[in-house]
Every structure is written in structure tokens, then in C-alpha cells.
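Notes for the one structure printed next.
2 protein chains.
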Amino acid sequence: MQITLRDIARKSGFSVTTVSRALAGYQDVNEQTRQHIIEVANILGYQPNLLARGLRSQRTQTLGLIIPTYDAGFPNEFFNQFLLGVGDTAWRNHYDLLVSAQVPGEEEMAAYRRMVKGLRVDGMILARTRKNDPRMPYLQSQGHPFVVNGRNAPDEPSDFPYVDVDSRMGIRAATAHFIALGHEHIGLVLPPPEIAYTGYRLQGYQDALREARLPLRDEYILYGDLQRSGGYQAGLALLSRYPQISAIVACNDLMAFGVMAAIQERGLEVGSDVAVSGFDDLPAAEYAMPPLTTVRQPIYEIGQRLVEMLIGIIVGKPPEETQIVLPSRLIVRASSGFNGRR
Amino acid sequence: MQITLRDIARKSGFSVTTVSRALAGYQDVNEQTRQHIIEVANILGYQPNLLARGLRSQRTQTLGLIIPTYDAGFPNEFFNQFLLGVGDTAWRNHYDLLVSAQVPGEEEMAAYRRMVKGLRVDGMILARTRKNDPRMPYLQSQGHPFVVNGRNAPDEPSDFPYVDVDSRMGIRAATAHFIALGHEHIGLVLPPPEIAYTGYRLQGYQDALREARLPLRDEYILYGDLQRSGGYQAGLALLSRYPQISAIVACNDLMAFGVMAAIQERGLEVGSDVAVSGFDDLPAAEYAMPPLTTVRQPIYEIGQRLVEMLIGIIVGKPPEETQIVLPSRLIVRASSGFNGRR
DNA sequence: ATAGTAACCCGAAACGTTTCGGATGTCAAG
DNA sequence: CTTGACATCCGAAACGTTTCGGGTTACTAT
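Order-wise, the sequence lines are chains A and B. Remember, the numbering used here sits 491 above the position in the first sequence when you count from 1. Remember, the numbering used here sits 491 above the position in the second sequence when you count from 1.
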């Protein structure tokens with residue numbers, strides 16, 4: 492059934508050891524011998540048994556990724572792009588990807604244990620850190636290589652390798668953009684409080700208000716669920732309670748779309764009546780009606796850098812920089828009313 | 492470092508064999524012994540080494556999925572949902588998922604060989620079949636379990652297990668819907684010709700025209716790339732060449748969004764001036780402006796059924812029905828002008 | 001002739017699990 | 001007292017690979 496090293500050994504007249512070493516590129520095998528063995532291997536259609544190899548060498552050439560999901564709201568476009576960056580880079584470096592999607596909680600930790608202690612993966616990629624996240628301490632206690640997309644919350648130390656985007660600067664830029672356009676009553680739709688980056692985004696909002704000496708009004712700040720529907724509800728709530736609000740900063744694009752829907756639902760016009768901004772710059776942001784002003788984060792690149800960092804750690808050559816904060820950039824489009832008739 | 496059966500054996504005073512059998516639930520071990528062994532295993536934090544288990548038992552409890560991608564245009568929302576259905580169901584059945592994304596071609600086949608002959612996976616899930624698809628014959632020749640999302644093209648036999656949606660009926664319903672609204676010049680934006688389901692969608696379009704005794708005009712039929720941009724280009728081309736066209740059937744939602752953009756770009760109104768329909772019913776379809784009339788396919792369910800079917804095949808209990816065509820359903824929204832002022 | 005060296009090769013053990021084919025002990029029936 | 005049946009348990013082999021620690025040969029320098 493399966494072609495093994497033994498088959499090649501028998502057919503080529505060499506030992507299993509030599510066949511193994513020839514195929515692995517060791518220098519202590521005659522070049523002619525190697526060619527012959529390679530030829531036989533090709534004829535037989537040999538493919539190494541990766542389980543056996545992994546068992547023996549304690550290396551699986553596989554990375555693990557557990558996508559955090561909430562109820563039905565699964566991998567949205569963000570994780571799409573993330574998965575692409577991670578998957579591409581892993582493949583280019585000859586690593587496979589073991590993927591699971593788990594709701595945070597006990598089962599999620601079981602999935603981590605299974606991957607890590609089942610020796611299935613050489614390293615793990617974590618995403619969407621939460622407050623008091625149990626995953627990093629666990630992996631640290633196991634001494635298992637891992638990298639994280641996102642830091643811990645501002646008030647917790649982040650003593651692990653990560654790649655994050657500068658949310659604080661991003662939201663600050665978006666808020667400042669609205670202030671520059673003359674808005675004084677600016678709503679904020681935050682991610683759920685348990686998400687680690689929520690703190691940074693709030694800071695950015697506060698920064699911008701402080702700089703402009705505008706009062707910080709807590710009642711203008713609502714939490715959403717990162718989905719479109721959460722943005723919609725928050726948007727409706729803000730608009731009905733505080734009609735003076737003329738701009739809303741949403742902390743991701745999906746919620747921004749919901750906010751836009753809420754605005755339109757109330758018979759107002761996005762951009763001219765109420766300005767909106769998002770965060771992520773998903774492809775859909777550009778095509779929304781009106782196109783969404785948003786903070787772009789390089790999602791693909793984040794995945795890519797994470798994998799490179801992780802592989803470096805696995806092979807014992809960690810990059811000198813293992814805590815990276817990438818810049819974010821404000822992309823101004825019509826939803827902020829910049830080109831509107833304000 | 493790692494806790495093995497030997498450790499449990501030493502600590503509990505039983506043999507490795509008995510420990511293994513106790514944990515595996517065999518009946519020839521004393522219940523009291525079993526409890527004791529389980530307890531020791533828990534105290535030690537035992538997690539089976541899945542590589543060793545797989546090597547010995549020739550089962551990995553892992554399914555393989557290679558997402559077909561074109562250039563940068565990666566897993567779009569469709570594969571998101573698909574991945575969710577597949578991932579959820581796999582997890583519920585205690586299977587892991589090995590994922591890769593490959594551009595069709597030589598490298599793609601290498602990825603398949605690697606997964607299959609490297610003995611990493613117990614079965615494979617294929618998606619987006621193409622004409623003359625080399626993957627199914629390969630897997631058949633290897634006698635490796637697999638299931639497919641989608642059939643072969645209408646003119647090729649499909650002698651493998653699959654779950655597909657009834658594209659033909661879906662497009663036929665969409666086209667007939669336009670005809671019923673009085674449209675006589677209806678454009679069609681097809682997927683690339685090498686995709687297997689393109690033939691079925693074309694048939695559906697032809698069916699509807701034939702039924703209504705409307706002439707089939709080949710020049711109304713264009714091919715897109717399944718992306719938004721392809722729909723945009725096709726839409727512009729149709730509208731500029733044939734101003735009499737008053738409705739366009741796009742073969743997926745992404746292309747339909749592009750067509751809508753093209754219509755608006757030309758100063759026309761979607762729905763009233765030119766009606767549009769899509770296929771898939773992505774979440775974004777409902778929120779588009781105007782909301783998109785489209786053919787819904789149960790993407791999550793397809794993934795779910797595929798995994799159930801595949802696991803059945805793996806464990807030797809294939810379901811009686813291994814070639815499933817699920818119904819599709821037309822969802823009428825504003826983009827077809829049904830509620831418009833036509 | 002001998003020792004040393006380089007080039008090439010190989011046997012055997014090990015990774016952690018499952019499973020085959022018994023082995024042992026106990027007890028009831030004959 | 002023997003036999004058989006049953007309930008428990010276990011030794012050893014096997015899955016396919018890598019790697020450690022050599023071994024053999026042929027050549028070079030003494």
C-alpha cells in the first residue's frame with residue numbers, strides 16, 4: 492500500500508539508513524548513490540510518512556490556529572484575510588496549518604491542550620486577546636512556542652511575542668478627523684469590554700478629545716458585539732438618546748456598517764447628517780454606500796509577520812524584534828462627510 | 492517532558508497495555524482498575540500523543556481541506572461560511588482540520604499528495620470542481636476517502652460522493668422572475684468556463700428563456716472571474732454594448748455587487764432601470780444598497796453534510812445517499828425592481 | 001608495512017501508541 | 001479432583017522514520 496523507506500532500500504540495494512540520509516541531504520552519502528536513490532524514490536512515488544517522521548523527530552512542520560468565534564458570528568472577513576496571510580506564509584515555509592474554530596471557554600482550552608500536548612503542532616498562533624486571557628499563561632507554562640495577534644489590555648503586561656496594530660493612534664486619528672471637521676458631539680461604539688484592544692481604542696478616543704479640549708462624555712460611549720447588528724443597535728441608541736451627536740466612531744467596519752444602517756433608518760444621511768468611521772478597511776468598506784471612512788490595518792501582513800516570527804522561535808532563531816506594533820492609517824471616504832455638503 | 496502511557500503504567504502499577512485498554516474503554520478491564528487508571532491519568536495531565544496513535548492505528552482523526560484560490564482573490568465570504576460548516580461539524584465529531592489554500596495547478600496537486608500519502612488525513616474535502624478536474628481521479632486512484640462540494644460539469648460523469656446545490660433551478664428561477672416582471676433582454680454573467688458549475692447555471696438561464704419562448708442571444712452572455720471586479724467589468728460591457736438590456740443575472744453575489752456598481756456608474760438606478768440578481772445569498776446581499784435579489788444556497792449545511800458523509804465513508808458506514816443535490820431558493824429583494832417603480 | 005584519514009555506509013534503538021495472542025487466577029459444575 | 005468458562009491482565013511486535021555510534025574500505029603519508 493504505502494511506499495516506505497524499506498521499499499526504496501530493497502529496490503536500490505542500500506540500507507534504510509542510507510536511503511533516509513540520502514533523501515535528507517546529508518553529506519556523507521555518495522552523490523551517485525544519492526541520485527540513484529532519488530530516482531528509485533521517484534519511480535516508486537515515495538512520500539514520507541509525516542506521522543512517523545514527526546513521532547521520531549518531535550517536529551511536525553505544522554502550526555496551529557484556533558479562530559475565536561462567538562455563537563453563529565463566525566470568521567468574518569477579518570479572519571479571512573488573516574487566514575490568508577497565515578496560510579500563505581506557512582505554506583511558503585513548508586508548514587501545514589491545523590485550524591479549529593472555538594467559542595472562548597472550556598472547550599477552547601481543551602482544543603489548545605489537544606493541539607499542544609497531543610504534539611500535533613510545533614507552534615500556535617493566537618488571535619483576539621481578551622482580558623485575563625488564560626491562553627498565554629497556559630502556553631507559557633507548557634514552554635510551547637506561540638505568537639499572538641494583539642497585545643494584552645493596556646493595564647496588563649504583555650510578556651510574549653506579538654504583532655499588533657496601533658489601535659490607539661488609529662482611533663485617535665479618526666476622532667481628530669471628525670473634530671477637525673467641526674464635530675463636537677462624537678459617539679463611540681467600542682468592542683466588548685472583555686476584548687483586550689478595547690482599552691487602546693478607548694484611549695485613542697480620549698486622546699483626541701483631550702487634545703481638542705472637548706469634554707469626555709461617558710454616555711456617548713457604547714459597547715457593541717463586533718457584528719453588524721451590534722453596531723446597528725448602538726447606532727440607534729446613540730441617535731435617539733442624543734440627537735446632538737453628529738459623528739460616530741465605530742471600532743470595526745462591521746459595526747460601522749450597522750451604524751450607517753441605523754442612521755439611514757432614522758431618515759438621516761450618512762456623511763452629511765451624521766458622519767461615521769470604522770476600523771479594519773475590509774474590502775466591503777470601499778464599496779459601501781457611502782464608502783466608509785476607516786482605519787486601515789494590514790491584516791495580511793500581520794498574519795505573515797506572525798508566522799515568520801513563530802517559525803523563527805520554533806527553529807531557535809527568534810527575530811530581534813518580537814513585539815511589533817504596526818502603524819494604522821486613516822482612510823478618508825465619503826462616510827465622514829469630508830466630500831459631503833456639510 | 493511529555494506524559495506517556497508508561498508514566499501512567501509505572502504510577503498505577505499496571506502494564507502499558509492495560510492502561511491503554513482502560514483509557515480506550517475496552518471491556519476486558521476491571522471497572523475499579525479503569526477508574527484508578529483514569530484518575531492517575533488526570534492527575535498527571537495525560538494527553539495522548541496523536542502522532543504515535545496515528546502511526547500505529549493508521550487513523551489520524553483529521554480531515555484535509557484545500558481551499559482553491561486565484562491570485563490574491565482568496566477565500567471570500569463563501570468559503571468563510573463553508574469553513575464554518577466544515578469546521579464545526581468536524582469538531583463535533585472529534586476530527587481536526589488540516590487546511591491549506593492553493594492556486595489550482597501543480598503545486599496544488601503536490602499539496603494533495605502531501606496530505607494524502609503523507610498519511611496526515613483520513614479523508615479530503617474538495618471544493619469548486621473544475622472541468623477535467625485532476626483531483627478526483629487522483630484520489631480515486633489512491634483509494635483515499637473524499638467528498639466533493641459540487642458535481643462535475645453536465646457533460647462529464649460524476650462518479651464520486653458529492654453535495655451540490657441545484658444551480659440550474661436557481662438561475663432558472665432568477666431568470667424566470669425577471670421574465671415575469673416583463674424583461675425581455677436579460678444579460679448573464681457567468682463564472683469562468685473552467686468551473687464545473689458554470690454549465691449548470693447556463694442551462695438554467697437557457698431553460699427559462701426557452702420556456703418563455705424568448706430568443707437566446709449569445710452576445711448577452713459574458714464570463715466573469717467570480718470577484719466583484721469581474722462583475723463590474725462585465726456589467727459595464729453589457730450596458731454599453733446593449734442598452735436594451737434591462738436585467739442582469741449574475742452567477743454569484745460578488746459579481747452581482749460589481750454589476751450594481753457598473754449600473755450606478757452609468758447613472759442608472761438598480762432595480763428600476765436595470766434589475767440585478769446574484770447567487771449565494773451572502774450576509775452582505777441583504778445589506779447591499781439596494782438589497783440584492785439572489786439565490787440562496789445553504790452553504791453551512793453543505794459543509795456539514797459533506798463532513799458527515801466523509802466521516803461515514805471513513806468509518807465504513809457510508810450514508811445510503813452519497814450524491815446529494817440540495818434545493819436552492821430565490822430570495823427576492825429590491826435589486827430586481829420587484830418593489831420598485833418600474 | 002603501518003598508521004592515519006577521509007569517504008561512505010549500516011545496524012539497532014528509539015519515538016508512544018495499539019493490538020495480537022496468550023497467561024493467570026478464580027470459581028462453579030461435573 | 002478435574003475441567004471449562006470467565007474475568008483480568010500483560011509481553012512483544014508493529015507502525016515508518018531519524019539518529020547514534022560505529023564499521024569498512026581505499027588512499028595517503030610516514
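Don't be surprised by glycine CBs; every beta carbon is placed ideally from N, CA and C.
N- and C-terminal bounds of the alpha helix (DSSP H) containing residue i
i, result
"residue 605(B)", "597-608"
"residue 628(B)", "626-633"
"residue 746(A)", "744-756"
"residue 669(A)", "658-671"
"residue 512(B)", "507-515"
"residue 771(B)", "No alpha helix (DSSP H) holds residue 771(B); the beta strand (DSSP E) holding it covers 766-771."
"residue 535(B)", "522-535"
"residue 791(B)", "790-805"
First and last residue of the uninterrupted beta strand (DSSP E) at residue i
i, result
"residue 687(B)", "Element bounds for residue 687(B): n/a, residue is neither H nor E."
"residue 785(B)", "784-787"
"residue 587(B)", "587-593"
"residue 817(B)", "814-817"
"residue 559(A)", "553-559"
"residue 615(A)", "614-618"
"residue 677(B)", "677-681"
Of the listed residues the options, nearest to residue i (C-alpha basis)
i, options, result
"residue 507(B)", "654(B), 521(B), 528(B)", "528(B)"
"residue 623(A)", "822(A), 608(A), 688(A), 676(A)", "688(A)"
"residue 642(B)", "632(B), 631(B), 627(B), 675(B)", "627(B)"
"residue 809(B)", "666(B), 815(B), 817(B), 800(B)", "800(B)"
"residue 805(A)", "573(A), 539(A), 581(A), 494(A)", "581(A)"
"residue 719(A)", "540(A), 680(A), 611(A), 697(A)", "680(A)"
"residue 791(B)", "571(B), 702(B), 766(B)", "571(B)"
"residue 440(A)", "652(A), 732(A), 702(A), 767(A)", "Past the edges of chain A, shown from 492 to 833, lies residue 440(A), and the structure says nothing about it."
"residue 697(B)", "715(B), 772(B), 676(B)", "676(B)"
"residue 819(A)", "811(A), 594(A), 754(A), 743(A)", "743(A)"
Classification of residue i by the beta-carbon crowding that lies within 10 angstroms, buried from 16 upward
i, result
"residue 682(B)", "buried"
"residue 526(B)", "exposed"
"residue 605(A)", "buried"
"residue 807(B)", "exposed"
"residue 655(B)", "buried"
"residue 668(A)", "buried"
"residue 598(B)", "exposed"
"residue 548(B)", "exposed"
"residue 486(A)", "There is no way to answer for residue 486(A), as the model of chain A reaches only from 492 to 833."
"residue 565(B)", "Caution applies to residue 565(B), whose pLDDT of 46 falls short of 50 and renders its modelled position unreliable; the model cannot decide the point."
"residue 735(B)", "exposed"
"residue 737(B)", "buried"
"residue 732(B)", "exposed"
"residue 607(B)", "buried"
"residue 515(B)", "exposed"
Cβ-Cβ distance between residue i and residue j below 7 Å
i, j, result
"residue 614(A)", "residue 554(A)", "yes"
"residue 722(B)", "residue 741(B)", "yes"
"residue 692(A)", "residue 658(A)", "yes"
"residue 477(A)", "residue 769(A)", "There is simply no residue 477(A) to check, as chain A begins at 492 and stops at 833 in what is shown."
"residue 824(B)", "residue 774(B)", "no"
"residue 690(A)", "residue 644(A)", "yes"
"residue 795(B)", "residue 661(B)", "no"
"residue 786(B)", "residue 745(B)", "no"
"residue 762(A)", "residue 828(A)", "yes"
"residue 616(B)", "residue 591(B)", "no"
"residue 545(A)", "residue 542(B)", "yes"
"residue 765(B)", "residue 747(B)", "no"
"residue 609(B)", "residue 538(A)", "yes"
"residue 802(B)", "residue 640(B)", "no"
"residue 559(B)", "residue 619(B)", "yes"
"residue 699(B)", "residue 663(B)", "yes"
"residue 511(B)", "residue 496(B)", "yes"
Item to check | Residues in the region 642-663 of chain A having any Cβ partner in chain B nearer than 8 Å | outcome: Contact residues of the region 642-663 of chain A toward chain B are absent (C-beta to C-beta distance below 8 Å).
Checklist entry - Using a Cβ cut-off of 7 Å, which residues of the region 703-717 of chain B contact any Cβ in chain A, in chain order? => result Those would be none; no residue qualifies.
Checklist entry - If contact means a Cβ-Cβ distance below 9 Å, which residues of the region 602-625 of chain B contact chain A? => result Taking a C-beta cut-off of 9 Å against chain A, the contacting residues of the region 602-625 of chain B are 602, 604, 605, 606, 607, 608, 609, 610, 611, listed in chain order.
Checklist entry - Looking at chain A, which residues of the region 780-803 of chain B have a Cβ within less than 7 Å of any of its Cβ atoms? => result Listed in sequence order: 780.
Checklist entry - Given a limit of 7 Å on CB to CB distance, which residues of the region 808-830 of chain A reach chain B? => result Identification of residues in the region 808-830 of chain A having a C-beta nearer than 7 Å to some C-beta of chain B yields an empty set.
Checklist entry - Given a limit of 7 Å on CB to CB distance, which residues of the region 539-550 of chain B reach chain A? => result For chain A, the residues of the region 539-550 of chain B that bring a beta carbon within less than 7 Å of one of its beta carbons are 539, 540, 541, 542, 543, 545, 546, in chain order.
Item to check | the region 512-541 of chain B: positions lying closer than 7 Å to chain A by Cβ | outcome: Answer in chain order: 538, 539, 540, 541.
Checklist entry - For the region 755-777 of chain A, which residues have a beta carbon sitting closer than 8 Å to at least one beta carbon of chain B? => result Listed by position, the residues of the region 755-777 of chain A near chain B (Cβ gap below 8 Å) are 774, 775.
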